[in-house]
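Undergrad: Before I ask anything, let me first share the structure, which is written out below as structure tokens.
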Amino acid sequence: MWTGNFWNQAQERISRTGTVAPVILATDKTQLTQFSGSKSAYPVYLTIRNIPKDIRRKLGSRACILIAYLSVDKIVKKGLSNTQLKLRNYQLFHKSMALVLESLKEAGNPAGPGVEMVGGDGAVRRVYPLLATYVCDYPEQCLVTCTKYGTCPKCKRKAKELDLPTAGELRSQRWTFEKITAAQEAAHGGGRSVHSRTMADDIAGGNYDPFWVGFPPTVTDIHLCIAPDVLHQLYQGVFKYLITWVQHVIGEEELDERIRRLPPTPGVRHFPKGISRLTQMSGTERKHIGRILLGCLVGKMDPKGITAC
Numbered sequence: 001m002w003t004g005n006f007w008n009q010a011q012e013r014i015s016r017t018g019t020v021a022p023v024i025l026a027t028d029k030t031q032l033t034q035f036s037g038s039k040s041a042y043p044v045y046l047t048i049r050n051i052p053k054d055i056r057r058k059l060g061s062r063a064c065i066l067i068a069y070l071s072v073d074k075i076v077k078k079g080l081s082n083t084q085l086k087l088r089n090y091q092l093f094h095k096s097m098a099l100v101l102e103s104l105k106e107a108g109n110p111a112g113p114g115v116e117m118v119g120g121d122g123a124v125r126r127v128y129p130l131l132a133t134y135v136c137d138y139p140e141q142c143l144v145t146c147t148k149y150g151t152c153p154k155c156k157r158k159a160k161e162l163d164l165p166t167a168g169e170l171r172s173q174r175w176t177f178e179k180i181t182a183a184q185e186a187a188h189g190g191g192r193s194v195h196s197r198t199m200a201d202d203i204a205g206g207n208y209d210p211f212w213v214g215f216p217p218t219v220t221d222i223h224l225c226i227a228p229d230v231l232h233q234l235y236q237g238v239f240k241y242l243i244t245w246v247q248h249v250i251g252e253e254e255l256d257e258r259i260r261r262l263p264p265t266p267g268v269r270h271f272p273k274g275i276s277r278l279t280q281m282s283g284t285e286r287k288h289i290g291r292i293l294l295g296c297l298v299g300k301m302d303p304k305g306i307t308a309c
């Protein structure tokens with residue numbers, strides 16, 4: 001979308017007098033408490049690409065709005081296998097999102113009249129809100145796109161091929177839905193379940209329609225909507241590897257001891273018990289650990305090696 005290609009393609013498919021409003025959705029199941037009650041929330045946020053990024057990201061700009069809370073209640077497992085329980089959770093998510101986004105599908109239909117909206121300049125425009133981006137972490141990317149966990153939600157590479165230097169053939173919303181529909185029709189005749197049939201194509205389908213069915217495939221493709229999860233797929237992966245590597249170089253106990261002995265420093269958190277006992281690291285804790293980790297290698301490793309890190 002940042003190249004303008006999405007905008008140009010969408011503009012060609014709507015009314016000549018229409019205005020494109022690329023919609024950005026975001027979901028994130030969040031743990032609210034760690035020590036009591038295990039409270040969590042599952043918010044759904046919405047913003048639009050017409051607003052500049054530097055404004056959208058500011059909390060005080062109110063450019064990102066909360067449109068729904070999804071259910072966090074656990075489904076009763078009695079009488080269900082682990083796979084059936086998992087599919088019930090998948091179905092609950094997709095049915096809920098379909099209900100939340102029902103009006104968006106209607107408003108953004110390129111064949112429809114659009115929706116009249118008043119802009120910041122006071123002008124009235126015929127707006128077509130089109131789903132363009134979906135922001136979430138990797139587990140939710142698989143849930144949203146009906147992709148088998150451990151594979152790529154954007155291409156058809158197998159799990160064992162993800163280390164290849166080139167991407168595989170791209171998935172498409174039409175292809176995924178056709179595979180799910182074919183599995184549903186075949187399952188009615190008996191034999192394997194819908195889920196087991198779709199898993200052969202690395203698709204986590206079930207006996208239900210994904211929430212994105214109904215969005216016009218000419219302007220919306222759920223696989224292209226998925227944005228890279230830099231925090232979980234890049235930063236945290238490198239960070240976890242770096243901690244393991246440092247513990248291997250100097251030992252877990254030695255690393256904790258060195259961290260405990262670090263003098264108090266403004267802007268850096270002190271860890272009086274080390275870091276090996278931390279089970280649920282917050283984002284802030286990871287940032288502070290990243291500031292002190294390589295310094296703990298001094299005296300245990302050649303300075304050139306530390307610089308190379």
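Counting from 1, one number per residue, gives the positions in the sequence shown under the UniProt record's numbering.
We put the beta carbon where it would ideally sit given N, CA and C, even for glycine.
Keep in mind it's a predicted model, so treat the numbers as computed, not measured.
Apart from the five residues on each side of it in sequence, which residues of its chain come closer than 7 angstroms, Cβ to Cβ, to residue 138?
TA: 229, 232 and 233
Undergrad: According to the neighbour-count rule (16 or more other Cβ atoms, all chains shown, within 10 Å of its Cβ), is residue 264 buried or exposed?
TA: exposed
Undergrad: Counting beta carbon pairs with one atom in the region 101 to 118 and one in the region 158 to 174, are three or more of them shorter than 8 angstroms?
TA: no
Undergrad: Taking a contact to mean a Cβ-Cβ separation below 8 angstroms, would you say residue 218 touches residue 127 in this structure?
TA: no
Undergrad: State the Cα-Cα distance for the pair residue 157 and residue 39, rounded to the nearest angstrom.
TA: Counting only the Cα atoms, residue 39 lies some 37 angstroms from residue 157.
Undergrad: Going by the beta-carbon positions, is the gap between residue 14 and residue 145 smaller than 8 angstroms?
TA: no
Undergrad: Can you say whether residue 54 is buried or exposed, counting buried as having 16 or more other CB atoms within 10 angstroms of its CB?
TA: exposed
Undergrad: What would DSSP say about residue 126, mapped onto helix, strand or coil?
TA: strand
Undergrad: Are at least three pairs of beta-carbons, each pair with one atom in the region 80 to 98 and one in the region 209 to 217, less than 8 angstroms apart?
TA: Judged by Cβ distances under 8 angstroms, the region 80 to 98 makes contact with the region 209 to 217, as three or more pairs qualify.
Undergrad: Could you check the C-alpha separation between residue 250 and residue 280 for me, to the nearest Å?
TA: 23 angstroms
Undergrad: Residue 117 to residue 129, Cα distance in whole Å?
TA: 11 angstroms
Undergrad: Report the three-state DSSP secondary structure of residue 167 (helix, strand or coil).
TA: coil
Undergrad: Taking the C-alpha atoms as reference points, what is the distance between residue 91 and residue 43?
TA: So the alpha carbons of these two residues sit roughly 17 angstroms apart.
Undergrad: Near residue 288, what residues of its chain come up, given a Cβ to Cβ distance below 7 angstroms and the 5 sequence neighbours on each side ignored?
TA: 268 and 269
Undergrad: Go ahead and label residue 121 buried or exposed: buried means 16 or more other beta carbons lie within 10 angstroms of its beta carbon, across all protein chains shown.
TA: exposed
Undergrad: Specify whether the region 283 to 297 and the region 243 to 263 touch according to this definition: at least 3 beta carbon pairs, one from each stretch, less than 8 angstroms apart.
TA: yes
Undergrad: Name the DSSP beta bridge partners of residue 18, please?
TA: 126
Undergrad: For residue 187, collect the residues of the same chain with a Cβ closer than 8 angstroms to its Cβ; drop the 5 residues on either side in sequence, then sort them by chain order.
TA: 193, 194, 197 and 207
Undergrad: Sort 274, 266, 303 and 22 by Cα distance to residue 134 and report the nearest one.
TA: 22
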